[in-house]
Every structure is written in C-alpha cells, then in structure tokens.
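Participant:
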Amino acid sequence: MSTDALSSRGLRNYLLVTIAYWAFTITDGAIHMLVVLHFHQLGFSSLEIALLFLFYEFFGIVTNAVGGYVATRLGLNTTLFLGMAMQIFSLTMLAVDPSRLSVPYVMFFMALSGIAKDLNKMSAKSSVKLMVPEGSDSRLFQWVAILTGSKNSLKGAGFFLGGLLLGVWGFQLALIGLAGGLCLTLLLTASMLPREMGKTKSTIKFSSLFAKTPEINRLSGARFFLFGSRDVWFTVGLPVFLQEVLQWNHTQVGSFFALWIMGYGLIQAAAPGLLRRKGQDQGPDGPTARYLAFGLAVLPAGIAVCMQQGLDPNLTLILG
Numbered sequence: 124m125s126t127d128a129l130s131s132r133g134l135r136n137y138l139l140v141t142i143a144y145w146a147f148t149i150t151d152g153a154i155h156m157l158v159v160l161h162f163h164q165l166g167f168s169s170l171e172i173a174l175l176f177l178f179y180e181f182f183g184i185v186t187n188a189v190g191g192y193v194a195t196r197l198g199l200n201t202t203l204f205l206g207m208a209m210q211i212f213s214l215t216m217l218a219v220d221p222s223r224l225s226v227p228y229v230m231f232f233m234a235l236s237g238i239a240k241d242l243n244k245m246s247a248k249s250s251v252k253l254m255v256p257e258g259s260d261s262r263l264f265q266w267v268a269i270l271t272g273s274k275n276s277l278k279g280a281g282f283f284l285g286g287l288l289l290g291v292w293g294f295q296l297a298l299i300g301l302a303g304g305l306c307l308t309l310l311l312t313a314s315m316l317p318r319e320m321g322k323t324k325s326t327i328k329f330s331s332l333f334a335k336t337p338e339i340n341r342l343s344g345a346r347f348f349l350f351g352s353r354d355v356w357f358t359v360g361l362p363v364f365l366q367e368v369l370q371w372n373h374t375q376v377g378s379f380f381a382l383w384i385m386g387y388g389l390i391q392a393a394a395p396g397l398l399r400r401k402g403q404d405q406g407p408d409g410p411t412a413r414y415l416a417f418g419l420a421v422l423p424a425g426i427a428v429c430m431q432q433g434l435d436p437n438l439t440l441i442l443g
C-alpha cells in the first residue's frame, strides 16, 4: 500500500477515534457536574461528595496500569468500545429512583465510570501511534496534542452541558440522554473502525508494563501529585464553594468550568506550536516540565494567600 493511502486511511481512523473520544469526554465532564451539583442539592456534605469520586480516581489508576497489557491481547478498538459500553451502563444505572442512590451505590458506578474513562483515553491516545507512518514523530506529536487538547475543550462542554441539563431536565433524564447519545456514537464507530487495531500476536510479559527508566518513574510520580492536587479542589471543592458560599446556580457553575477547561484545552492543543517557537521541534524535555511545574505552583499559592487576606473571592478565583 502506498504512503499516501496509508496516510489517508490513518487520517480516517484518527477522525473516528477522535469522534468516539469526544463523545465519551462530553459524558465524562457532564457526569462530574451532575453528580457534584445534584448530591450537594440533596444535602450531601463535601466529604460525602468527595467519597463518590474516590473509587473513580483509584480504579482509573489501576486501569492505566493494566490497560495497555489488556489492549495488546484484545486490541485497542475492543478496549475503546468496552470503555464506552461501561460508561453507558454506569449512566443508566445512576438514572434509577433517587431513593436507591446511596453513597456506596454511587461510588460503585462512579468506579465503573473511572475504569471506562481510562480505558477510552488509553485506547484513543495509544491508537494514534498506529495511524501515523513510521518516522513521522512531528505529526504524531501534533495529532496527540490535538486529541488531548480537544478532549479538554469537550470536557469543558460536558461540564456546561451537565449543569444545563440538571437545571432543565433534571438528574435522571440528563443521564438517560447522555447514555443515548454515547450509544449512538458507539454503534457508529464500532461499525467503521478496523477490528484488529492494536492487537499483537506476540506474548508480552506483565513486568514489561512498568517503566525501567528512573526519569519516567519520577515524571509519573510528579503527575500523580499534580492531578491529585488539581482534583482535590477542582472536582469537588470549587463547585461546592461556588454554589454554597458564592450562591452561583447550576448553569453558572457549569459555564465557569466549561470556559476554564476549554481555555485549558486550547493551550494544550497549541503546545506544539508554542514549543516550536522556543526551538523545541522534537517536543518538550525534562527541564521544560520542571520549569513549568515550579511556575504553576506559584499560582494556586497566590490564590490561597489572596483568599486568606479577604480579597473578593469571585475576582480572586476567576482571575487566579
């Protein structure tokens, strides 16, 4: 097959995977906003709401650890579709009679949603490498950046959609609508993507999943604390604070989160172009990550100081 034909087929598959990833991401953002705002409205404490997401994050870590191993046995398209099917099931099971929505019940199905999210994310990002011709590292970097950046923008749209649907349709109808939309996407992409994508015939040892390079292990540890600290305040603390203390309504909270994550996603998608201007055609390196991490740490610290000094919380949070 010619290089042009490979490139054309790879682009087609990339677009299909991106559509699947986008559809899933919208439901992922929406379910976060729906669960946080709905259960706060029902009188759940901040700690109880945080517990609802505990297994979501924990089993996401487990899925990331073993998902690649499973994908090499089953194929990346299988794990992609499995993640979508699990999310549809979780959304449907959360749309039951409100009297059944205890903390353990919601924790269980949010755990399934966490597994589904990382199966979908791992499959989508990993499959991009299979669609790019050998030696096209620059294109691979661009495609992954676009996929990741657009994902965050769509997750922002999901936050907005979750807040909007909660106010207009209510909790149950919103979940059913999201499940229906994702089901249609699953049927479309499953009928068009190649069945053996990412599946290997050779046996891969489980021990090969763990990085033997110290730098990668340190980077993984840093990312664990980075995203953990973000989720502590961004997933639960901030929406509850905006609603309870600042008296924002569902749509206002969802809109704020949507705009923030969309902006975050645009910067992420633009990262290759920004780095090229700095002379880093091959992508970021260790010092780049280190300098940006230390710079990032200053911002939340500044927000905390301003809040402690009694400055306007609306202005402090929005600008911060």
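Each residue of the sequence shown is one higher than the one before, counting from 124 in this note's numbering. Note that beta-carbon positions come from the ideal geometry of N, C-alpha and C, so glycine has one too.
For the alpha helix (DSSP H) holding residue 419, just list the boundary residues, first then last.
Facilitator: Taking the first residue of the sequence shown as position 1, residue 419 is located at position 296. Here the alpha helix (DSSP H) through residue 419 covers 409-431.
Participant: So, with DSSP's three-state summary, where would you put residue 315?
Facilitator: One-based indexing of the sequence shown puts residue 315 at position 192. In the three-state reduction of the DSSP assignment, residue 315 falls in the coil class.
Participant: If you follow the alpha helix (DSSP H) that residue 215 is part of, which residue opens it and which one closes it?
Facilitator: Position 92 of the sequence shown holds residue 215. 199-217 is the span of the alpha helix (DSSP H), which, as asked, contains residue 215.
Participant: So, residue 278 versus residue 154, is the Cβ gap smaller than 8 angstroms?
Facilitator: Taking the first residue of the sequence shown as 1, we reach residue 278 at position 155. Taking the first residue of the sequence shown as 1, we reach residue 154 at position 31. Cβ distance not < 8 angstroms, so residue 278 and residue 154 don't count as in contact.
Participant: Residue range of the alpha helix (DSSP H) that residue 393 falls in?
Facilitator: Sequence index remark: in the sequence shown, residue 393 carries index 270 (1-based). From DSSP, residue 393 is part of no alpha helix (DSSP H); its letter is neither H nor E.
Participant: Using CA coordinates, which residue listed in 369, 174, 355, 199 is at the minimum distance from residue 441?
Facilitator: If you number the sequence shown from 1, residue 441 lands on position 318. Of the candidates 369, 174, 355, 199, the one whose C-alpha sits nearest the C-alpha of residue 441 is 369.
Participant: Which value, in whole angstroms, describes the spacing of the CA atoms of residue 419 and residue 314?
Facilitator: Here the question's residue 419 lines up with position 296 in the sequence shown. Here the question's residue 314 lines up with position 191 in the sequence shown. When rounded, the separation of the alpha-carbon atoms in residue 419 and residue 314 is 43 angstroms.
Participant: What number of angstroms, rounded off, separates the C-alpha of residue 210 from the C-alpha of residue 241?
Facilitator: As a working note, residue 210 is residue 87 in the sequence shown. As a working note, residue 241 is residue 118 in the sequence shown. So the alpha carbons of these two residues sit roughly 11 angstroms apart.
Participant: Measuring CB to CB, does residue 461 end up less than 8 angstroms from residue 140?
Facilitator: Here the chain has residues from 124 to 443 only, and residue 461 is not among them.
Participant: Please identify the residue among 436, 215, 171 whose C-alpha is closest to the C-alpha of residue 227.
Facilitator: Mapped onto the sequence shown, residue 227 falls at position 104. Per the Cα distances, 171.
Participant: Enumerate in chain order the residues of its own chain whose CB-to-CB distance from residue 178 is below 8 angstroms, with the five nearest sequence positions on each side excluded.
Facilitator: For the purposes of this step, residue 178 is taken as the residue at position 55 of the sequence shown. Correct list, in chain order: 230, 231, 233, 234, 237.
Participant: Can the beta-carbon of residue 183 be found less than 8 angstroms from the beta-carbon of residue 285?
Facilitator: Translated into positions along the sequence shown, residue 183 becomes position 60. Translated into positions along the sequence shown, residue 285 becomes position 162. Against a cut-off of 8 angstroms, the Cβ pair of residue 285 and residue 183 comes out as no contact.
Participant: For residue 274, count the other beta carbons within 10 Å of its own beta carbon; 16 or more makes it buried, fewer makes it exposed. Which is it?
Facilitator: Here residue 274 is taken as the residue at index 151 of the sequence shown, counted from 1. It counts as buried.
Participant: Can you tell me where the alpha helix (DSSP H) with residue 363 in it begins and where it stops?
Facilitator: In the sequence shown, the residue the question calls residue 363 occupies position 240. For residue 363, the uninterrupted alpha helix (DSSP H) segment begins and ends at 361-367.
Participant: Please tell me whether residue 207 and residue 147 are closer than 8 angstroms, where the distance is taken between their beta carbons.
Facilitator: Taking the first residue of the sequence shown as 1, we reach residue 207 at position 84. Taking the first residue of the sequence shown as 1, we reach residue 147 at position 24. Taking the C-beta atoms as reference points, residue 147 is found nearer than 8 angstroms to residue 207.
Participant: So, for residue 359: in the same chain, excluding its five sequence neighbours on each side, which residues have a beta-carbon less than 7 angstroms away from its beta-carbon?
Facilitator: As a working mapping, residue 359 is identified with position 236 in the sequence shown. 159, 169, 172, 173, 176.
Participant: Measuring alpha carbon to alpha carbon, tell me which of 293, 269, 355, 203 ends up nearest residue 217.
Facilitator: Walking along the sequence shown from the start, residue 217 turns up at place 94. Measuring from the Cα of residue 217, the nearest candidate turns out to be 293.
Participant: Inspect the beta-carbon positions of residue 297 and residue 289 and report whether they are closer than 8 angstroms.
Facilitator: Mapped onto the sequence shown, residue 297 falls at position 174. Mapped onto the sequence shown, residue 289 falls at position 166. Annotated as proximal: residue 297 and residue 289, with beta-carbon spacing under 8 angstroms.
Participant: Starting from residue 341 and walking both ways along the alpha helix (DSSP H), at which residues does that stretch end?
Facilitator: Residue numbering aside, residue 341 sits at position 218 when the sequence shown is read from its first letter. For residue 341, the enclosing alpha helix (DSSP H) has its first and last residue at 337-354.
Participant: Could you tell me if residue 137 is buried or exposed, where buried requires 16 or more neighbouring beta carbons within 10 angstroms of its beta carbon?
Facilitator: The sequence position of residue 137 within the sequence shown is 14, counting from 1. Buried.
Participant: Cα separation between residue 411 and residue 299?
Facilitator: Position 288 of the sequence shown, counting from 1, holds the residue named residue 411. Position 176 of the sequence shown, counting from 1, holds the residue named residue 299. Spanning the two alpha carbons is a distance of roughly 43 angstroms.
Participant: Specify, as a first and last residue, the run of the alpha helix (DSSP H) that residue 221 falls within.
Facilitator: Against the sequence shown, residue 221 aligns to sequence position 98. Neither: residue 221 is in no alpha helix (DSSP H) and is coded neither H nor E.
Participant: Which residue marks the beginning of the alpha helix (DSSP H) containing residue 439, and which one marks its end?
Facilitator: For the purposes of this step, residue 439 is identified with residue 316 of the sequence shown, where counting begins at 1. Segment 436-442, the alpha helix (DSSP H) holding residue 439.
Participant: For residue 417, is the classification buried or exposed, using 16 other Cβ atoms within 10 angstroms of its Cβ as the cut-off for buried?
Facilitator: Numbered from 1 along the sequence shown, position 294 holds the residue referred to as residue 417. Exposed, because fewer than 16 other Cβ atoms sit within 10 Å of the Cβ of residue 417.
Participant: For a minimum of 3 consecutive residues, which ranges assigned as the beta strand (DSSP E) are wholly contained in the stretch 129-192?
Facilitator: none
Participant: Between residue 434 and residue 425, what straight-line distance do the alpha-carbon atoms span, to the nearest angstrom?
Facilitator: For the purposes of this step, residue 434 is identified with residue 311 of the sequence shown, where counting begins at 1. For the purposes of this step, residue 425 is identified with residue 302 of the sequence shown, where counting begins at 1. Going by the C-alpha atoms only, they are around 12 angstroms apart.
Participant: I need the straight-line Cα distance from residue 276 to residue 166, nearest angstrom please.
Facilitator: Numbered from its first residue, the sequence shown carries residue 276 at position 153. Numbered from its first residue, the sequence shown carries residue 166 at position 43. Approximately 30 angstroms, taken between the alpha carbons.
Participant: On the premise that residue 156 lies in contact with residue 377, defined as a C-beta separation below 8 angstroms, what is that separation, rounded to the nearest angstrom?
Facilitator: Position 254 of the sequence shown holds residue 377. Position 33 of the sequence shown holds residue 156. Yes, residue 377 and residue 156 are in contact; Cβ-Cβ is about 5 angstroms, under 8 angstroms.
Participant: Look at the Cβ atom of residue 387, then the Cβ atom of residue 243, and state whether they are nearer than 8 angstroms.
Facilitator: The residue you call residue 387 lines up with position 264 of the sequence shown. The residue you call residue 243 lines up with position 120 of the sequence shown. No, the pair does not count as a contact, with Cβ atoms beyond the cut-off.
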